[in-house]
Ligand SMILES: *Cc1c(COP(=O)(O)O)cnc(C)c1O
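Residue numbers (my numbering): 785 to 1248.
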């Protein structure tokens, strides 16, 4: 049969038999449940070497297809076996992603039904889900009720999206951040065309917090020199230490000088839902923009982040592809492709909507609260262990500690050994030039015994 005549190719050559689809789909479900049910028996972080992985997964582009079962198994047993399991109860490295099962279901359904949340006309249902979830979070977190939002892949892009909007509204001027601001913002500012000479890195205080006093000093110096301060970036829950900047005091300075206050709550934002951490977020209602990453501490699989902007219409003014649209901006029939640089975009809200509808916000807040308490417990264990000392106290689920009189290299070796042993996944950070152990404890399945075992092994590995 001549295949250069396209029409002689039979229709639907990519179709699969519904019974096969069902069987394979159930296989994926079974494999997922097996993973979730046996997490505790797995190593939190596994790595293979490039040659072995390329040998199993690489090779030439197939001209003709092969059995799907073998290849599904390769994905499951090779590709997805050698990675960090951010959903493991003893994964304490970087920031975990302890996703919940309702969220997985929501994501699966959206993928299965090829959901797209770009325009009202092509996705009024998914759009409504996204706007609903954003409103729920805005109100639960205590943000300005005028906030509008947009979901993005992660905190990196959500911050850049909010900051592009801020810059569009404020014009070019000086942007202030701190020595503890997340590095993705340092990368994002030049990428969005903001010149280096208009960035001020304000020193954080001895508790790694940006203070109102420090911001005021930097702003006044710029005003005196004839520069125009435009945006201050505060962090609510720094990735290194969990510290929350002095939002209230910084908001006062911003108000006095007419500056846009952006708050990066990518990691710590969800803690504002808890009674035990709420006071740290005082002043959050003054944020002109805010970011939170549900794939970190709202129990969602990758990827989902939210950017909020407290000026109605500002996102559309910044990102609208068809400015004529602005003429009839009304109601809730929003075209989400006009709120960021994404045009085609998956419906990231489905999973969070289902999670919130299933558990309710109180249970989610309790799950967050447990992480905060577990980090406080870890601090007590460290304090009771000979030869270990606290470097920064437990804050929003993060605690940093070190072995007395041990070198940076000793710490790195102790962590690498522990990760290789497969009991826990841990990582380090650097504070005031010193390499330290850092535990980020946000998985509600983590137990105090998990923490006892992890801290004891780190102490043993470093010779305590
Ligand atoms: C993780 C993090 C980011 C970046 O978020 P991604 O989802 O990894 O892109 C930004 N800011 C803070 C405070 C973070 O913790």
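Yeah, the Cβ is synthetic: ideal placement off N, Cα and C, and Gly gets one too.
Residue i to residue j, Cα distance in whole Å?
| i | j | result |
| --- | --- | --- |
| residue 1183 | residue 838 | 37 angstroms |
| residue 1204 | residue 1014 | 47 angstroms |
| residue 835 | residue 814 | 30 angstroms |
| residue 821 | residue 844 | 35 angstroms |
| residue 1187 | residue 1002 | 36 angstroms |
| residue 880 | residue 1029 | 22 angstroms |
| residue 1231 | residue 873 | 8 angstroms |
| residue 1000 | residue 1200 | 42 angstroms |
| residue 1087 | residue 871 | 14 angstroms |
| residue 855 | residue 842 | 12 angstroms |
| residue 1083 | residue 887 | 7 angstroms |
| residue 981 | residue 975 | 14 angstroms |
| residue 1094 | residue 922 | 10 angstroms |
| residue 1166 | residue 828 | 22 angstroms |
| residue 1179 | residue 1004 | 31 angstroms |
| residue 830 | residue 883 | 19 angstroms |
| residue 1228 | residue 1081 | 10 angstroms |
| residue 804 | residue 853 | 11 angstroms |
| residue 823 | residue 846 | 33 angstroms |
| residue 801 | residue 811 | 15 angstroms |
Taking the beta strand (DSSP E) that residue i falls in, what are its first and last residues?
| i | result |
| --- | --- |
| residue 1178 | 1172–1179 |
| residue 1188 | It is not in any beta strand (DSSP E) - residue 1188 carries neither H nor E in the DSSP assignment. |
| residue 931 | From DSSP, residue 931 is part of no beta strand (DSSP E); its letter is neither H nor E. |
| residue 958 | 958–962 |
| residue 1091 | 1089–1093 |
| residue 903 | No beta strand (DSSP E) holds residue 903; DSSP gives it neither H nor E. |
| residue 823 | Taken as a continuous stretch (DSSP letters only), residue 823 belongs to no beta strand (DSSP E), as it is neither H nor E. |
| residue 1293 | Lying outside 785 to 1248, the shown extent of the chain, residue 1293 is not represented and no answer is given. |
| residue 1214 | 1211–1215 |
Taking residue i as the reference, which of the options has the closest Cα?
| i | options | result |
| --- | --- | --- |
| residue 1142 | 1035, 885, 806 | 885 |
| residue 1122 | 1057, 911, 827, 791 | 911 |
| residue 913 | 1144, 997, 1238, 894 | 894 |
| residue 1044 | 1073, 1062, 1066 | 1073 |
| residue 1241 | 1208, 1228, 1220 | 1208 |
| residue 1254 | 916, 1219, 877, 1230 | Beyond the ends of the chain as shown, which are 785 and 1248, falls residue 1254; an answer cannot be given. |
| residue 1197 | 1226, 1247, 1152, 918 | 1247 |
| residue 1217 | 1191, 1065, 950 | 1191 |
| residue 832 | 796, 826, 867, 823 | 867 |
| residue 1060 | 1150, 1169, 852, 1230 | 1150 |
| residue 1037 | 1065, 1027, 1071 | 1071 |
| residue 909 | 1181, 876, 1177, 1133 | 1133 |
| residue 942 | 1050, 898, 819, 1219 | 1050 |
| residue 950 | 1117, 1091, 1171, 1156 | 1091 |
| residue 985 | 1034, 856, 964, 1085 | 964 |
| residue 860 | 906, 824, 819 | 819 |
| residue 900 | 792, 935, 957 | 935 |
| residue 1056 | 994, 1181, 789, 987 | 1181 |
| residue 1224 | 1167, 1159, 1236, 1215 | 1159 |
| residue 1062 | 892, 988, 927 | 927 |
| residue 1193 | 1245, 1237, 904, 1144 | 1245 |
| residue 1052 | 1229, 966, 1161 | 966 |
| residue 953 | 1046, 788, 1177 | 1046 |
| residue 1017 | 1008, 988, 1009 | 988 |
| residue 940 | 961, 973, 977, 930 | 973 |
| residue 890 | 1085, 1228, 1117, 1237 | 1085 |
| residue 1131 | 1040, 810, 1010, 896 | 896 |
| residue 997 | 1034, 1022, 969 | 1034 |
| residue 1099 | 1079, 1124, 1118, 1226 | 1124 |
Going by the DSSP bridge assignment, what does residue i pair with across the sheet?
| i | result |
| --- | --- |
| residue 861 | In the DSSP output, where bridge partners are listed per residue, residue 861 has none listed. |
| residue 803 | In DSSP, residue 803 forms no bridge with anything. |
| residue 1045 | 1016 |
| residue 921 | According to DSSP, which records beta bridges pairwise, residue 921 is partnered with nothing at all. |
| residue 868 | 829 |
| residue 984 | 960 |
Am I right that residue i and residue j are in contact with their C-beta atoms under 8 angstroms? What's the rounded C-beta distance?
| i | j | result |
| --- | --- | --- |
| residue 1213 | residue 1024 | 5 angstroms |
| residue 1129 | residue 1120 | 7 angstroms |
| residue 1031 | residue 992 | Actually they do not touch by this definition, with Cβ atoms about 15 angstroms apart. |
| residue 1169 | residue 1195 | Residue 1169 to residue 1195, Cβ: 15 angstroms. No contact. |
| residue 994 | residue 962 | 4 angstroms |
| residue 1185 | residue 1202 | At roughly 14 angstroms, the Cβ-Cβ gap does not stay under 8 angstroms, so residue 1185 and residue 1202 are not in contact. |
Give the range of the alpha helix (DSSP H) segment to which residue i is assigned.
| i | result |
| --- | --- |
| residue 1138 | 1133–1143 |
| residue 889 | 885–896 |
| residue 1101 | 1098–1103 |
| residue 1244 | 1232–1245 |
| residue 1058 | It is not in any alpha helix (DSSP H) - residue 1058 carries neither H nor E in the DSSP assignment. |
| residue 971 | 967–975 |
| residue 941 | 939–954 |
| residue 997 | 996–1008 |
| residue 841 | 834–841 |
At the 9 angstroms Cβ level, is residue i part of the contact set with chain D, yes or no?
| i | result |
| --- | --- |
| residue 1157 | You won't find chain D in this structure, because it holds only one protein chain. |
Taking only heavy atoms of ligand 3 into account, decide whether any of them is closer than 8 angstroms to the Cβ of residue i.
| i | result |
| --- | --- |
| residue 969 | With respect to ligand 3, the structure offers nothing, as its ligand set consists of ligand 1. |
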